[in-house]
Amino acid sequence: MFCYQCEQTAGGTGCTKVGVCGKNEDIASLQDALIYALKGISAYAYHARELGAVDEEVDAFLAEALFTTLTNVNFDLENHIELLLKAGKINLKVMEILDKANVDRFGVPEPTKVNVGTKAGPGILITGHDLLDLYELLKQTEGTGINVYTHGEMLPAHAYPELKKFKHLAGNYGGAWQNQKKEFDEFPGAIIGTTNCVLIPKESYKDRMFTCGIARLPGVQHIKDRNFKPLIDKALSLPTLPDNLVGSIMTGFHHQPVLALADKIVELVKAGKIRHFFLVGGCDGARPGRNYYTEFVEKLPKDTIVLTLACGKYRFNHLDLGEIDGIPRLLDMGQCNNAYSAIQVAVALAKAFDCSVNSLPLSINISWFEQKAVAILFTLLHLGIKNIRLGPTLPAFITPNVLQFLQEKYNIQPITTAEEDIKAMLS
Ligand code: SF4
Numbered sequence: 001m002f003c004y005q006c007e008q009t010a011g012g013t014g015c016t017k018v019g020v021c022g023k024n025e026d027i028a029s030l031q032d033a034l035i036y037a038l039k040g041i042s043a044y045a046y047h048a049r050e051l052g053a054v055d056e057e058v059d060a061f062l063a064e065a066l067f068t069t070l071t072n073v074n075f076d077l078e079n080h081i082e083l084l085l086k087a088g089k090i091n092l093k094v095m096e097i098l099d100k101a102n103v104d105r106f107g108v109p110e111p112t113k114v115n116v117g118t119k120a121g122p123g124i125l126i127t128g129h130d131l132l133d134l135y136e137l138l139k140q141t142e143g144t145g146i147n148v149y150t151h152g153e154m155l156p157a158h159a160y161p162e163l164k165k166f167k168h169l170a171g172n173y174g175g176a177w178q179n180q181k182k183e184f185d186e187f188p189g190a191i192i193g194t195t196n197c198v199l200i201p202k203e204s205y206k207d208r209m210f211t212c213g214i215a216r217l218p219g220v221q222h223i224k225d226r227n228f229k230p231l232i233d234k235a236l237s238l239p240t241l242p243d244n245l246v247g248s249i250m251t252g253f254h255h256q257p258v259l260a261l262a263d264k265i266v267e268l269v270k271a272g273k274i275r276h277f278f279l280v281g282g283c284d285g286a287r288p289g290r291n292y293y294t295e296f297v298e299k300l301p302k303d304t305i306v307l308t309l310a311c312g313k314y315r316f317n318h319l320d321l322g323e324i325d326g327i328p329r330l331l332d333m334g335q336c337n338n339a340y341s342a343i344q345v346a347v348a349l350a351k352a353f354d355c356s357v358n359s360l361p362l363s364i365n366i367s368w369f370e371q372k373a374v375a376i377l378f379t380l381l382h383l384g385i386k387n388i389r390l391g392p393t394l395p396a397f398i399t400p401n402v403l404q405f406l407q408e409k410y411n412i413q414p415i416t417t418a419e420e421d422i423k424a425m426l427s
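So this is what it looks like as structure tokens:
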């Protein structure tokens, strides 16, 4: 951040006045957090806009907040914190708008078993978040003999009626974004990336990789106007995929089907059959420490329910956690923007038990990596939700002072070990 007071990079080596204008590092930290949150909000606003849903308040906030980061008189810490909480509020609104746009276009998601692996025949693997890209691809590949497979954050698409009606939406292949280079290398068909979290391809599959929409990669063919013909032609020219079904996973626990079970869930809590709910999810990444989330879910007592979303779920969505009186113990609510669904469920439970969300037997354990996770974190703080565990490390752009503020006000805590965190959360 350029500081207009000392005319240097604030807090950097040329900054001569730290201690005079005083709060530079913290302001820079809050402005970084705000810009990351704006990127997350923009991603959701982009997807909603593609589906025809726009909102004046969201657009106005993006301009206002971005402008604030360059004004030369705004060195006010409290104002920045207010802006971050407002970013959380706006992110909640844009997630709601995107959810409505997806549901209006593709129907209410329903719990769905998804095949994992491949079927014999030509195939296309689609990764990223854009359901409209998938819908257009399914329409254009219908009757061609090509099977379409989801990768990464595209998995929840299988639960939307208007997408699952296509019989050649054949299954899910691979896991989260950080495995792309290995998994795309091994996938013999054509591949398309629709949004962020798409990695620069290896030479071995670059010629069968495509991008569309917002995603671009150097040396990779870009599909324009959702005309997928070049991708389809490539898929038909490649060797066919083997018949290799390796298992199945569940998705589609959007808030609407979950809330339809609300009375039963409340009954099970009152009867002592469900002791606690955990929201475990967020972005995945390559760090070895992220195995913590697999261990965390594996070690949870059998009378607990796990709500999950985003690509962090690939750490544990293959596990069979069983059921509690017919309610699956692992409920995949969808993509990261379906944090909106998790919030709806938490709010409904709080209403049913006549208490605040913070008083529910619910603990939140978020894995963070990129900008949408930052926006979602500030949504949770805007809602006054406390005691969130954050990992695998705390964001590097948060200064000690800002962290202290977040810890004092919201009791945000870094993860420790799976055993210790489970014990603390259940106590
Ligand atoms: S959940 Fe986060 S890390 Fe994963 S694909 Fe989506 S934006 Fe990327």
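The numbering of the sequence shown is this note's numbering, which starts it at 1 and goes up by one.
Glycine residues also receive a C-beta, built at the ideal position from the N, C-alpha and C atoms.
Owing to the predicted nature of the structure, the values given are computational and were not obtained by experimental measurement.
As the crow flies, the alpha-carbon of H222 is around 21 angstroms from that of S42. K386 and E56 have their C-alpha atoms spaced approximately 30 angstroms apart. Between L309 and I364, the beta carbon gap of about 11 angstroms keeps them out of contact (Cβ cut-off 8 angstroms). The C-beta distance from A176 to V198 rounds to 12 angstroms, too long to meet the 8 angstroms contact threshold. With a 10 Å radius around the Cβ and a threshold of 16 neighbouring Cβ atoms, T211 comes out buried. It is roughly 29 angstroms from the alpha-carbon of H318 to the alpha-carbon of A101.
Exclusion of N338 from the 8 angstroms shell around ligand 1 follows from its C-beta lying no nearer than that to any non-hydrogen atom of the ligand.
Distances taken from the Cβ of H129 to the heavy atoms of ligand 1 include one shorter than 8 angstroms.
Secondary structure note for H382: its alpha helix (DSSP H) is the uninterrupted segment Q371 to H382.
Annotated three-state conformation of N102 is helix, per DSSP. By the CB criterion at 9 angstroms, A33 and P395 fall inside the cutoff. When the Cα atoms are used, R329 and C336 turn out to be separated by approximately 20 angstroms. With a threshold of 8 angstroms, the Cβ atom of C283 counts as near ligand 1, since some heavy atom of the ligand is closer than that.
Under the three-state reduction of DSSP output, S427 falls in the coil class, being neither helix nor strand. CA-to-CA, the gap between F277 and E142 works out to about 41 angstroms. By the Cβ test, the stretch 125 to 142 is not in contact with the stretch 109 to 117, since fewer than three Cβ pairs between them sit closer than 8 angstroms. Under the 8 angstroms Cβ criterion, the stretch 240 to 255 does not count as touching the stretch 281 to 288, having fewer than three qualifying pairs. A Cβ-Cβ contact shorter than 9 angstroms links L30 with H80. The DSSP assignment places 339 to 352 and 371 to 382 as complete runs of the alpha helix (DSSP H) inside the stretch 305 to 385, in order along the chain (cut-off: 4 residues). Within its own chain, the residues whose Cβ lies closer than 8 angstroms to the Cβ of D243, once the five positions on either side in sequence are excluded, are T118, K119 and A120, listed in chain order. Inter-residue distance for Y314 and D185 is about 19 angstroms (C-alpha atoms, whole angstroms). With respect to the C-alpha of V347, the residue from P111, P156 and V357 having the closest C-alpha is V357. An exposed status is given to P239, since fewer than 16 other beta-carbon atoms sit within 10 Å of its beta-carbon.
F296 and D421 do touch by the CB rule: their CB atoms are close to 7 angstroms apart, below 8 angstroms.
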